[in-house]
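**Student:** Protein chains in written order, with the working numbering: chain U, 1 to 216; chain Y, 217 to 382.
Glycine included, C-beta positions come from ideal geometry on N, C-alpha and C.
1) Could you pull out every residue in the same chain whose Cβ sits closer than 6 Å to the Cβ of residue 265 (chain Y), ignoring the five residues on either side in sequence?
2) Can you have a look at residue 197 (chain Y) and say buried or exposed, based on whether 16 or more other CB atoms are within 10 angstroms of its CB?
3) Run down chain Y in chain order and give the residues with a C-beta less than 7 Å from the C-beta of residue 130 (chain U).
4) Take the Cβ of residue 328 (chain Y) as the centre, count every other Cβ of all protein chains shown within 10 Å, and call the residue buried at 16 or more, exposed below.
5) Which residues of the segment 153 to 170 of chain U have a Cβ closer than 7 Å to any Cβ of chain Y? Give them in chain order.
6) Got a sec, what are the start and stop residues for the beta strand (DSSP E) residue 197 (chain U) sits in?
7) Might you give, ordered along the chain, the residues of its own chain that have their beta carbon closer than 8 Å to the beta carbon of residue 384 (chain Y), omitting 5 neighbours on each side?
8) Under a Cβ-count criterion, where at least 16 other Cβ atoms within 10 Å of its own Cβ denotes burial, should residue 59 (chain U) be classed as buried or exposed?
9) How would you list, in chain order, the residues of chain U whose beta-carbon sits under 8 Å from the beta-carbon of residue 246 (chain Y)?
10) Quick check on residue 360 (chain Y): buried or exposed, where buried means 16 or more other Cβ atoms within 10 Å of its Cβ?
11) Along the segment 277 to 291 of chain Y, where does the CB come closer than 7 Å to a CB of chain U? Name the residues.
12) Label residue 331 (chain Y) either buried or exposed according to how many other C-beta atoms from any shown protein chain fall within 10 Å of its C-beta, with 16 as the threshold for buried.
13) Please check the pair residue 199 (chain U) and residue 49 (chain U), which I expect to be a contact at CB under 8 Å, by giving their CB distance rounded to whole angstroms.
14) Going along chain Y in order, which residues have a C-beta closer than 7 Å to the C-beta of residue 100 (chain U)?
15) Quick check: the Cα distance between residue 84 (chain U) and residue 94 (chain U), rounded to an integer number of angstroms?
16) Quick one: what's got a C-beta closer than 8 Å to residue 107 (chain U)'s C-beta in the same chain, skipping five residues either side?
17) Roughly how many angstroms separate the alpha carbons of residue 154 (chain U) and residue 124 (chain U), rounded to a whole number?
18) Measuring CB atoms only, is the segment 166 to 181 of chain U touching the segment 221 to 233 of chain Y, in the sense that at least three cross pairs come out at less than 8 Å?
19) To which residues of the same chain is residue 301 (chain Y) closer than 6 Å at the C-beta, ignoring the five residues directly before and after it?
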């Protein structure tokens with residue numbers, strides 16, 4: 001009887017250990033998948049990049065920022081673009097020796113010069129207080145429509161050309177009726193971002209995805 | 217002095233919680249502003265000078281750890297501290313409904329500040345969604361105060377027993 005109890009306890013312990021090992025393996029596999037995607041993206045860039053981990057988020061939630069574990073010691077400076085395989089995440093707004101703060105593209109303080117891939121229309125994309133971003137100042141004659149892909153144009157001197165930003169969800173005239181505005185669904189799911197790629201030095205206008213913009 | 221030590225310890229723990237694991241529990245946009253709730257609690261319990269100093273310093277920390285313009289959160293937290301202290305002196309707030317309502321109002325006012333400043337700073341549409349967001353966030357923060365205040369009261373009482381009254 002004592003032997004059975006002992007065996008039972010040992011088996012339960014073994015099950016606990018195996019469950020923990022399985023969880024660790026799944027976690028490692030998921031991390032591996034994410035890092036492999038980042039590595040592929042890193043290989044595409046012809047300028048220096050740096051992998052960083054997300055270590056925190058905005059203290060209040062009224063603003064949309066995250067913290068990454070790389071700072072000036074690793075060469076991270078304000079205005080450097082931050083991206084993942086799915087698309088643009090934001091830009092660095094300030095950095096200390098080991099930590100930097102990244103402004104997400106859904107924050108109203110964020111703006112980037114963008115282009116609709118299919119129609120070649122340019123506009124300024126900003127964050128909004130909704131879950132979407134807004135592409136502003138697009139000409140009234142534009143033929144953009146829901147589903148169109150939006151990428152960075154490279155004309156702002158901050159973001160390289162061709163970084164995926166999101167997809168058009170709806171198009172409507174602006175309040176004054178002078179331009180069209182489009183609601184953009186970001187390509188990145190911000191709550192799932194764990195590692196990011198900081199583009200350390202880039203020349204504005206460099207195309208990181210040759211061929212993408214020719215798929216009209 | 218005992219208030220300064222207590223508030224510093226609790227403030228540091230809340231800042232860490234707020235910037236790390238809180239985002240996993242609640243969607244980031246709706247996560248409760250626990251620091252504001254803590255400042256309101258300090259307004260109801262702490263003495264004026266240590267409390268207002270704490271509100272200012274933790275506001276500066278929050279400014280550093282969020283995208284806000286420098287000075288916004290120190291100002292708002294000092295106002296929240298003074299206002300909750302004043303309300304406490306007029307009508308004693310000692311029940312959970314009172315706590316939740318005070319924190320809800322403080323968060324709604326802070327939200328108004330933030331949204332107006334954002335609206336003044338850039339092309340941000342202040343529509344129904346913004347108002348709903350502010351109300352939802354204030355409700356979540358008010359709800360969080362129902363759990364936070366008893367914990368803080370217990371911690372404060374335990375700490376006072378260990379340290380003494382002076």
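**Tutor:** According to the structure shown:
1) none
2) With chain Y running from 217 to 382 in the structure shown, residue 197 (chain Y) is simply not present.
3) 345
4) exposed
5) none
6) 195 to 199
7) What is shown of chain Y runs 217 to 382, which leaves residue 384 (chain Y) out entirely.
8) buried
9) 61
10) Taking every protein chain shown into account, the CB of residue 360 (chain Y) has 16 or more other CB atoms within 10 angstroms, so this residue is buried.
11) 278, 281, 282, 283 and 284
12) Around the beta carbon of residue 331 (chain Y), a 10 Å sphere encloses 16 or more other beta carbons of the protein chains shown; the residue is thus reported as buried.
13) 5 Å
14) Near residue 100 (chain U) there are no residues of chain Y at all, since even the closest Cβ is about 12 Å away, more than 7 Å.
15) 19 Å
16) If we look at residue 107 (chain U) and ignore the five residues flanking it on each side, its Cβ neighbours are 63, 64, 65, 90 and 127.
17) 12 Å
18) Touching, no.
19) 259
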